[in-house]
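First the structure, in the form of C-alpha cells, and then the observations on it.
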Amino acid sequence: MSSSTSSRYRESAAVTAPTKVHDQHGTSFAEEHALDAIAKEAELRLQHQREQNREARQLRHKELEKNARDDLSAVDSELNKSDQNKHEEEDEEEEEDDGGDSRTTPITPSTPMGSSRSRIMNIDGTNNNAMGTTTNSLLLQKFLNGDIDLRSIEQRDLRRLLSELEAKYKSAMIANSSMYNEKQALYYQIDTYKDILDEHYEIFNQTKRQLKDKCKDFDIQKQTLIDLQNNNNQLKEILSNCEKLIQESEIEIYIDEQQKYLSIDLKCQESFLLSNSFTNRSINEKLKKILSEKHQQIEQINRLKLELDETNHHLRILKQHIPNSIDLHNQNINNACDCEQQKQLIKQITDLNNGLQRLSADNGSLQQE
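The sequence shown runs 11 to 379 under the numbering used here.
Structure below.
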C-alpha cells in the first residue's frame with residue numbers, strides 16, 4: 011500500500027519541496043568554476059616560467075662546460091710550452107756546464123786518470139743538481155718574502171726561479187679554474203633545488219586548495235542531507251495522511267507483478283471524483299475537500315434519518331385515523347363530501363408509503379457508501 015501510494019502521489023508531493031538546495035548548488039558551482047579558471051591560469055604561468063628557467067640553466071651549463079674545456083686546453087698548451095721551455099733551458103744549462111768543464115779540466119781519453127776524473131765529475135754534478143734544487147727553493151722563498159735582490163742572483167738561478175714561478179702560477183690557474191667550475195656546478199644544483207622547492211610548494215598550495223574545496227563540498231552535502239531528511243519526514247507524514255484518506259474513502263488500488271500499471275476500484279461516485287481531483291490540487295486542499303464532503307455526507311444522513319422518523323410518525327397517526335374514517339364511510343355512505351375526504355386520505359396514505367419506500371432505499375444506498 012505504501013509503495014503504491016508513494017508512486018501515486020510523488021508528483022503532487024514534489025510541489026512542496028524547497029528550492030534552497032538548488033540555489034546553493036548553483037552559486038557554489040559558479041564559484042568553483044571561477045576558482046578553477048584562476049588556478050589553471052596560475053599553473054600555466056608557473057609552468058611557462060619553469061620552462062624558461064630550465065632552458066636558461068641548460069644554456070648556462072653548456073657555457074660553463076665550454077669555458078671549462080677552453081680553460082683546460084689553454085692550461086694544457088701553457089704546460090706544454092713551459093715543459094718545452096724547461097727542456098730547452100736544461101739543455102742550455104747542460105751545454106754551458108759541459109763547456110765550462112771542458113775549459114777547466116781537459117780530458118785525455120788514453121789515460122785512466124781521465125775516466126776516474128769524469129766519474130768524479132758526474133757524482134759532483136748530481137750533488138750539484140740536488141744542491142741546486144734546495145738552493146732554488148730557498149731562493150724562491152727569499153724572493154717571495156722580499157729578502158733578496160734580483161741583481162745579486164746569477165742568470166742560471168734566475169731562469170730556474172722563473173720556471174718554478176711559472177709552474178706554480180699554472181698550478182694555481184688550474185686550481186682556480188677547477189674551483190670556478192665547482193662553484194658554477196654548485197650554483198646549478200642550487201637552482202635545481204630551488205625549482206624542486208617551488209614545485210613542492212605549488213603542490214602544497216594545490217592540495218590546500220583541494221582540501222578547502224572538499225570542505226566546502228562537505229558542508230554543502232551536509233546541508234543538503236539535513237534538508238532532504240526534513241523533506242523525507244514531511245513526505246512520510248503526507249503519505250500516512252494519504253493512506254488514511256484512501257482507506258476512509260474506500261479506494262482499492264491493485265498493482266500487477268511488474269508494478270507498471272495501477273487499477274483502482276472505486277465503490278462510490280464521490281471517491282471517483284476525489285481520485286480525479288488528486289492530479290490537479292495540492293494535498294492540503296484535497297484533505298480539506300475530503301473532510302468537508304465527509305461532514306456533508308454525515309449531515310445528509312442525519313437529516314434523512316430525521317425525515318424518516320417524521321414520516322413514520324405521520325404514518326402511525328394516519329393508521330390510527332384510518333379505522334375511524336372507515337366507520338364514518340360506512341355510516342355516511344351517501345354523503346359525497348365524506349367520499350371526497352376518504353379519497354384524499356387514501357391518496358395521502360399512498361404518497362406517504364411511496365416516500366417511505368424511497369427514503370428507505372436512499373438510506374440503504376448511503377449506508378453501502
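Backbone N, C-alpha and C define an ideal beta-carbon position, used for all residues, glycine too.
Item, Value
"Determine, using beta carbons only, whether L369 and L318 come nearer to each other than 8 angstroms.", "yes"
"Straight-line CA distance for E61 to K180?", "40 angstroms"
"Which runs of the alpha helix (DSSP H) at least 4 residues long sit entirely within the stretch 205 to 252? Give them in chain order.", "none"
"From the DSSP output, in three-state form, read off R368 for me.", "helix"
"Determine, using beta carbons only, whether I308 and L255 come nearer to each other than 8 angstroms.", "no"
"Between the Cα of N364 and the Cα atoms of A182, Q233, N322, which residue gives the shortest distance?", "N322"
"Please name the residue in K50, N63, L74, A66 whose C-alpha comes closest to that of A195.", "L74"
"Report the option in K353, I48, L316, A185 whose CA atom is closest to the CA atom of L366.", "L316"
"With the cut-off set at 8 angstroms, would you say D223 and E51 are in Cβ contact?", "no"
"Measuring straight from C-alpha to C-alpha, what distance separates S126 and E98?", "Caution is warranted here: a pLDDT of 42 is assigned to S126, below 50, making its placement in the model unreliable, and the coordinate value is therefore given only provisionally. Looking at the two C-alpha atoms, the distance is approximately 30 angstroms."
"Taking C-beta to C-beta, are R79 and D201 nearer than 8 angstroms?", "no"
"Determine the contact status of S187 and D86, defining contact as a CB-CB distance below 8 angstroms.", "no"
"Can you tell me whether R64 is buried or exposed, with buried defined as 16 or more other CB within 10 angstroms of its CB?", "exposed"
"Please say whether E212 and L56 have beta carbons closer to each other than 8 angstroms?", "yes"
"Taking only the alpha-carbon atoms, compute the straight-line gap between N241 and H58 and give it to the nearest angstrom.", "51 angstroms"
"With a threshold of 6 angstroms on Cβ separation, who are the neighbours of N191 within its own chain once the five nearest residues in sequence on each side are excluded?", "A78"
"Going by beta carbon distance, what residues of the same chain come within less than 7 angstroms of A49, once the five residues before and after it are set aside?", "R219"
"I need the straight-line Cα distance from S302 to K246, nearest angstrom please.", "24 angstroms"
"CA-CA distance, L206 and D46?", "Residue identity check: residue 206 is Ile in the sequence provided, not Leu. Their Cα atoms are separated by approximately 24 angstroms."
"Relative to the alpha-carbon of Q94, which residue among A177, I311, A44, L235 has its alpha-carbon at the smallest distance?", "A177"
"Only counting the same chain, and skipping five residues up and downstream in sequence, which positions put a Cβ closer than 8 angstroms to that of D208?", "L56, R60"
"If you check the beta carbons only, do L325 and L362 fall under 8 angstroms apart?", "yes"
"What's the C-alpha gap between E253 and L238?", "22 angstroms"
"Less than 8 angstroms between the C-beta atoms of Y203 and H71, yes or no?", "no"
"Nearest-angstrom Cα distance between Q233 and A40?", "18 angstroms"
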